[in-house]
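In UniProt numbering, the protein residues as written are 1 to 890.
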């Protein structure tokens, strides 16, 4: 299998080096397995090696969610095996996706690479700037280097030159000369470009195109940056019939491309037959059955209207009338109409305010798809202000209300949590924050009423508290707190404060009730701790016996603890419980733990709620848990506690249980000690578990914990020191992702967990390269995508191997991926959706083959007749003939 022999490599040979069944190193490729994804990935590695040997260029265009990254890593591994000092450059669309690559390298080496004696691949940290990546190459310490496509757009950021494209080309050439000198003028052994459709636009004189042409070596007499090039994209024909040729032309001469086509123009199908590999995704279900997207995708039209709000309807009619008057000169420009009209997505106070806080990065690949300011913004703002002056409120937009109604249940119960996760794509930046705010407000109303009921508030008191937006001041006034309780040490809640995902996060007000504030006797009422804070501290602080409640059992199943710690603090003895439990588990299971000298064990029988939770698991769930190592069980315990205490409604459930228990003299003796009261609380809550949120989150966390670790977090299963800080920062039911969102990796991890956020609202920055599929099977296109290719990328965030839909099939259920399109009835918004669905339907069969007609690329304004017939429904028959467009051929 030397590099020179890649022309004859086979899937059988590939499978001797790597397994595409996770952790099964004995797996070997067999030709009759060609329906499985593992077999397709082995075939992909072998066939791409042949293409790279023959043409120096290959295009991996497998459908979204089929493991393209693992196939690329397999090729890099084979290259490094035969050339140990091989140098590889991976270019991704952004740094987040590059970091995901680094995690995938670790997973591949651990669970898929068979030869454990071979040297590991040394992977450099991703760099956002070309110059920084090149400096790492000069250091010579790694095999694989990373940078971003966006780096090609930022070379002239500080320059005021009028010819930025020319300057970008000059700087790119200088950088290329520098890196080639580090590589002995031989170039990289392999260049991999992820989401290569970012290179599809070649017209317009952009600096990115000029820089890419110079850096990659396009042009007569220019030396190529790399000996071989692997391009990766699920949508190579993204928005134009010329996309495939445009991408390939950076790396192959026109003469080479003309060898592939019999037509004057470059034909995408013929180019893909020569350079490409494209297979369609199949999910493996119960008893080995396979399912294509036609089996489970369900498209839903979600009409909304102004029927319940005549004033808002009049406002909208006036807006449309003014729009026609102001922009009738542009009416012939269909693209002006599509997606740029702010009023079809939002109107009100937030339009001006949120645009100030949330502006997409100007050089971002997606900035053109997520508008912070549209041509009609000023018009809409002026009308909104007039409306406010007349009615003392801003007009309500029905699309917001309709979505929030569908996202948030009227009550949170064990039975309605399975469909609690929603992914929403918007085009207008103001919509990101506004939807997030509204969802959090609605969840606050649901959770606030649960707390109010536990407090036995009267109807008038409930309304007063709700009208105060569930404020700390009102709650503290109700309890008439003159000072905080002294039972527990209430320090600043650093975990919640420091780990906010975004400074502009629109946080839940109910969550804020549980946040610890500084203990200052002169502090204002809104900064003092609340009854919610005090109860929350009982379950978190080691010096409360209730901190044991969520600790795992001593044997991780049923066994109680035999002692707690006691230490002297000045002239006072203070007990610690959860730390004593952790120490006993560490001793029992030989995990590292430090016991402080002043800790003194005190004998006491101390159970936790885990024994009762474990009894409620199915036999299959118990077996799954038992096959884990003790270190993995400890890691899971940390994951579960972080999620339920910081990032779930379980904390509200625990508060309600505790408050009712603590204030009912029938449930415990007020004169008994803390230990007896704790045991009474265990007995009080155990019968409630079968229908509890706590049990649902325990089961759901258990089901997907391995996938969260390996496929999302890139973490070791047995890393019991993991504190899962990302979960502790996600304290609100809804969150957003847009250009200025900081911790995208943490947001991706949290959404793939069963914990918060339940609703993720995103612009196109989360349209590609992000996996959001473990817990969610519902995507909503609040603002429809710019092209059928963009739409497929969005849906592909959920439609992947190992997805929630995939698990439904594996359980013998009917899988379902819900794809929702909210729209304003009897308006241009409906016309746009109708046009989009018609064009998407016409384009879909061609998109599967990476083809497109020019009139399929963009959505127009001509409304399709009887357009609801274009909504896809699941095909329940399994007799579907799924043929791969450009298969691996040996």
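Ideal Cβ positions, reconstructed from N, Cα and C, are used throughout, including at glycine.
Here the structure is a predicted model, which means the values were calculated and not measured.
For residue 723, collect the residues of the same chain with a Cβ closer than 8 Å to its Cβ; drop the 5 residues on either side in sequence, then sort them by chain order. Residue mapping note: residue 723 aligns to position 723 of the chain shown, counting from 1. Excluding five sequence positions before and after residue 723, the CB atoms of its chain that fall closer than 8 Å to its own CB belong to 638, 642, given in chain order.
Measuring only the C-alpha atoms, how far is residue 231 from residue 832?
Residue 231 sits at position 231 when you count from the first residue of the chain shown. Residue 832 sits at position 832 when you count from the first residue of the chain shown. For residue 231 and residue 832, the distance between alpha carbons rounds to 33 Å.
Q. Under 8 Å between the Cβ atoms of residue 300 and residue 758?
A. Position 300 of the chain shown, counting from 1, holds the residue named residue 300. Position 758 of the chain shown, counting from 1, holds the residue named residue 758. Not closer than 8 Å, so no.
* Residue from 216, 259, 680 whose Cα sits closest to the Cα of residue 247 -> For the purposes of this step, residue 247 is taken as the residue at position 247 of the chain shown. Measuring from the Cα of residue 247, the nearest candidate turns out to be 216.
Residue 232 - containing beta strand (DSSP E), residue span:
Position 232 of the chain shown holds residue 232. DSSP places residue 232 inside the beta strand (DSSP E), whose first and last residues are 229-232.
Mind checking residue 529: buried by the 16 CB within 10 Å criterion, or exposed?
In the chain shown, the residue the question calls residue 529 occupies position 529. Buried, because 16 or more other Cβ atoms sit within 10 Å of the Cβ of residue 529.
#### Entry: DSSP three-state assignment for residue 545, whether helix, strand or coil
Within the chain shown, the letter at position 545 stands for residue 545. Under the three-state reduction of DSSP output, residue 545 falls in the helix class.
query: At least one CB of chain B closer than 8 Å to the CB of residue 422: is that the case?
result: Protein chain content of the structure displayed is limited to a single chain, and chain B is not contained in it.
| field | Alpha carbon of residue 556 to alpha carbon of residue 634, nearest angstrom | value | What you label residue 556 is simply residue 556 of the chain shown in a count that begins at 1. What you label residue 634 is simply residue 634 of the chain shown in a count that begins at 1. Pairing residue 556 with residue 634, the inter-Cα distance amounts to about 8 Å.
With a threshold of 7 Å on Cβ separation, who are the neighbours of residue 101 within its own chain once the five nearest residues in sequence on each side are excluded? Position 101 of the chain shown, counted from the first residue, corresponds to residue 101. Leaving aside the five residues that flank residue 101 on each side, the residues in its chain whose CB is nearer than 7 Å to its CB run, in chain order, 69, 90, 92, 146.
For this session: Measure the C-alpha to C-alpha separation of residue 174 and residue 437 and round it to an integer number of angstroms.
Result: Looking up residue 174 in the chain shown gives position 174. Looking up residue 437 in the chain shown gives position 437. If you draw a straight line from the Cα of residue 174 to the Cα of residue 437, it is about 48 Å long.
*asked:* In this structure, how does DSSP classify residue 110 when only helix, strand and coil are distinguished?
replied: Mapped onto the chain shown, residue 110 falls at position 110. The answer is helix: DSSP assigns residue 110 an H, G or I state.
Segment contact, 8 Å Cβ cut-off, at least three pairs: the stretch 726-745 with the stretch 660-676: Taking 8 Å as the limit for Cβ pairs, the verdict is that the stretch 660-676 does not touch the stretch 726-745.
Which value, in whole angstroms, describes the spacing of the CA atoms of residue 881 and residue 236?
-> Locating residue 881 in the chain shown gives position 881, where the first residue counts as 1. Locating residue 236 in the chain shown gives position 236, where the first residue counts as 1. Between residue 881 and residue 236, the C-alpha separation is close to 23 Å.
* Asked: Using the beta-carbon count (16 or more within 10 Å), is residue 826 buried or exposed?
  -> Your numbering for residue 826 matches position 826 in the chain shown. Exposed, by the Cβ-count rule.
>> Quick check on the DSSP output: the beta strand (DSSP E) that includes residue 779 runs from which residue to which?
In response: Locating residue 779 in the chain shown gives position 779, counting from the first residue. Residues 778-781.
Legend entry - Local conformation of residue 690 per DSSP, three classes: Mapped onto the chain shown, residue 690 falls at position 690. In the three-state reduction of the DSSP assignment, residue 690 falls in the helix class.
query: Relative to the alpha-carbon of residue 585, which residue among 564, 290, 575 has its alpha-carbon at the smallest distance?
result: As a working mapping, residue 585 is identified with position 585 in the chain shown. Ranking 564, 290, 575 by Cα distance to residue 585 puts 564 first.
Would you kindly check if the distance between the Cβ of residue 302 and the Cβ of residue 821 is under 8 Å? As a first step, residue 821 is located in the chain shown; it is residue number 821 there, counting from the start. As a first step, residue 302 is located in the chain shown; it is residue number 302 there, counting from the start. Contact flag set, yes.
Can you tell me whether residue 427 is buried or exposed, with buried defined as 16 or more other CB within 10 angstroms of its CB?
Counting from 1 along the chain shown, the entry for residue 427 is found at position 427. Burial of residue 427 is indicated by the presence of at least 16 other C-beta atoms within 10 angstroms of its C-beta.
Quiz item: Using the beta-carbon count (16 or more within 10 Å), is residue 184 buried or exposed?
Solution: Stepping through the chain shown from its first residue, residue 184 is reached at position 184. Flag for residue 184 reads exposed.
Q: Answer with buried or exposed for residue 490, where buried requires no fewer than 16 other C-beta atoms within 10 angstroms of its C-beta.
A: Working through the chain shown from its first residue, we reach residue 490 at position 490. Legend: pLDDT at residue 490 = 43, less than 50; position of this residue unreliable, no value from coordinates given.
request  = With a floor of 3 residues, list each beta strand (DSSP E) that falls wholly inside the stretch 119-197, ordered by position along the chain.
outcome  = As summarised for the stretch 119-197, the continuous beta strand (DSSP E) elements at least 3 residues long and confined to that stretch are 144-148, 190-194, given in chain order.
* Determine the closest residue to residue 94 out of 766, 574, 511, with distance taken between C-alpha atoms. => Looking up residue 94 in the chain shown gives position 94. Of 766, 574, 511, the residue nearest in Cα terms is 766.
**Message:** Just to check my reading of the structure: residue 279 and residue 18 have Cβ atoms closer than 8 Å, yes? What is that Cβ distance to the nearest angstrom?
**Reply:** Reading the chain shown from its first residue, position 279 is the one you call residue 279. Reading the chain shown from its first residue, position 18 is the one you call residue 18. Between residue 18 and residue 279 the Cβ distance is about 18 Å, and since that is not below 8 Å, they are no contact.
Quick check on residue 602: buried or exposed, where buried means 16 or more other Cβ atoms within 10 Å of its Cβ?
Here residue 602 is taken as the residue at index 602 of the chain shown, counted from 1. By the 10 Å Cβ count, residue 602 comes out exposed.
Query raised in the report: What's the C-alpha gap between residue 562 and residue 775?
Result: In the chain shown, the residue the question calls residue 562 occupies position 562. In the chain shown, the residue the question calls residue 775 occupies position 775. Each residue's alpha carbon lies about 38 Å from the other.
Query raised in the report: What residue does the alpha helix (DSSP H) around residue 389 start on, and which one ends it?
Result: In the chain shown, residue 389 corresponds to position 389, counting from 1. 377-391 is the extent of the alpha helix (DSSP H) around residue 389.
- Item | Backbone secondary structure at residue 566 - three-state DSSP | Position 566 of the chain shown, counted from the start, is the residue given in the question as residue 566. Residue state, collapsed to three classes: strand.
C-alpha gap between residue 773 and residue 409, whole angstroms: Counting from one through the chain shown, the residue named residue 773 turns up at place 773. Counting from one through the chain shown, the residue named residue 409 turns up at place 409. Cα to Cα, residue 773 sits roughly 21 Å from residue 409.
*asked:* On the CB-based measure, 16 or more other CB atoms within 10 Å of its CB, does residue 71 come out buried or exposed?
replied: Looking up residue 71 in the chain shown gives position 71. Under this definition residue 71 is a buried residue.
Quiz item: Among 703, 697, 228, which residue has its Cα nearest to the Cα of residue 623?
Solution: In the chain shown, the residue the question calls residue 623 occupies position 623. The shortest Cα separation from residue 623 among 703, 697, 228 belongs to 703.
Considering only the alpha carbon of each residue, which of 203, 172, 31, 296 lies closest to residue 814? Against the chain shown, residue 814 aligns to sequence position 814. Relative to residue 814, the option among 203, 172, 31, 296 whose CA is nearest is 296.
Is it a yes or a no for the stretch 787-806 touching the stretch 109-128, going by three-plus beta-carbon pairs under 8 Å?
Between the stretch 787-806 and the stretch 109-128, the count of Cβ pairs shorter than 8 Å is below three; the stretches do not touch.
Exercise. Rounded to whole angstroms, how far is the Cβ of residue 283 from the Cβ of residue 743, which I believe are closer than 8 Å?
Worked result: Sequence index remark: in the chain shown, residue 283 carries index 283 (1-based). Sequence index remark: in the chain shown, residue 743 carries index 743 (1-based). Distance from residue 283 to residue 743 at the Cβ level is roughly 30 Å; contact not present, criterion being Cβ atoms closer than 8 Å.
query = Taking Cβ to Cβ, would you say residue 539 is nearer than 8 Å to residue 693?
reply = The count along the chain shown starts at 1 and reaches residue 539 at position 539. The count along the chain shown starts at 1 and reaches residue 693 at position 693. Residue 693 is positioned such that its CB atom lies no closer than 8 Å to that of residue 539.
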